[in-house]
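Residue numbers (full-length UniProt numbering): 1 to 298. From the three backbone atoms N, C-alpha and C, an ideal C-beta is built for every residue, glycine too.
Right, here's the structure in full:
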């Protein structure tokens, strides 16, 4: 399966926009019923709510469990009262639904917007990742880290390994040399979701990996994982550790934009040459100002 085989709307929703489209449709559903309580108005409201809820699910936004639980608790009365409730109760439930949609949006917004990358003057870019960065060994394909090194003349160290998990990356990094004054980009965890790595092991190893690489002179950046609705906990762990350990988390829409572009992937998880080209441009736009280029060192 390639990106070309999936509809554009899937990628739009999966990149995180699905939550905002979904909550907007829920808000419109509530407003529709508040304005027009006729059977037609209520049916339109229910349809909009159903589409919005589906959009939120497909987005696989890793909000805390309690957030979704609270949203369901507040949304269920709306579904019931829209059908059988009095006009007064319908209006009250519509207000609750509007507040619920607003709360979901507010909870995710800090992770949807790209944070500023703090710091400049790092000597090199180090990539810790899997086959998305290491490639699959094709001689005619240049990986995106090598493209960045070639085009911008910076010291780039690609420590990515095909098939790597967070656990295997941790073992390699602890056995390798320490990094100093480096901008470290973590592109790791996708294989853990495919292999269904136990969540506690994923969290333990990811925290240990971050702490090992997080020297005072280094800056860590982590790419958020595009995940399925069944893998929300992996995303929650990423977001929680990024917040607790002061790691810049790049919203998943950036990586999804690369994966979803026609001709960029071989099988959704591995990049073509065109995909590596776009990935190199995307990463450089994010980190270029933070890395010393040879021409600027003097």
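Check, Outcome
"Whole-Å CB distance - residue 96 paired with residue 78, under 8 Å assumed", "6 Å"
"Cβ separation of residue 187 and residue 137, assumed to be a contact under 8 Å, to the nearest whole Å", "With 8 Å as the limit, residue 187 and residue 137 do not qualify as a contact, their Cβ atoms being about 18 Å apart."
"Nearest-angstrom Cβ-Cβ length linking residue 134 and residue 170, presumed shorter than 8 Å", "The pair is not a contact, with the Cβ atoms about 16 Å apart (cut-off 8 Å)."
"Nearest candidate by alpha-carbon position, reference residue 53, set 18, 86 and 66", "18"
"Spatial neighbours of residue 121 in its chain, beta-carbon cut-off 7 Å, leaving aside the 5 residues before and after", "292"
"Euclidean distance between Cα positions of residue 8 and residue 191", "24 Å"
"Interface flag, residue 221 vs chain C, CB-CB below 8 Å", "Absent here is chain C; the protein component of the structure consists of one chain."
"DSSP-derived helix/strand/coil call for residue 148", "helix"
"Range covered by the alpha helix (DSSP H) that runs through residue 222", "That residue, residue 222, is in no alpha helix (DSSP H); its beta strand (DSSP E) goes 219 to 223."
"4 or more residues per run - each alpha helix (DSSP H) lying fully within the segment 221 to 292", "232 to 244, 252 to 260 and 273 to 287"
"Where the alpha helix (DSSP H) through residue 131 begins and ends", "131 to 134"
"Assigned exposure category for residue 178 - 16 Cβ within 10 Å defines buried", "exposed"
"Simplified DSSP state of residue 181, which is helix, strand or coil", "coil"
"Sufficient close CB pairs (3 or more, under 8 Å) joining the segment 79 to 95 to the segment 55 to 64", "no"
"Beta-carbon contacts of residue 112 that lie in its chain and below 6 Å, excluding the five residues immediately before and after", "16 and 251"
"Sequence-distant residues of the same chain with beta carbon closer than 8 Å to residue 41, five excluded per side", "32, 33 and 35"
"Endpoints, the alpha helix (DSSP H) within which residue 155 is located", "Taken as a continuous stretch (DSSP letters only), residue 155 belongs to no alpha helix (DSSP H), being part of the beta strand (DSSP E) at 155 to 158."
"Segment contact, 8 Å Cβ cut-off, at least three pairs: the segment 140 to 151 with the segment 268 to 286", "yes"
"Cβ contact check for the segment 273 to 282 and the segment 154 to 163: 3 or more pairs under 8 Å", "no"
"Within 8 Å, strictly: CB atoms of residue 249 and residue 285", "no"
"Alpha-carbon spacing of residue 57 relative to residue 48, whole angstroms", "14 Å"
"Spatial neighbours of residue 203 in its chain, beta-carbon cut-off 6 Å, leaving aside the 5 residues before and after", "237"
"Alpha-carbon to alpha-carbon, residue 256 and residue 116", "20 Å"
"Residue 22 burial status per 10 Å Cβ neighbour count (16 or more: buried)", "buried"
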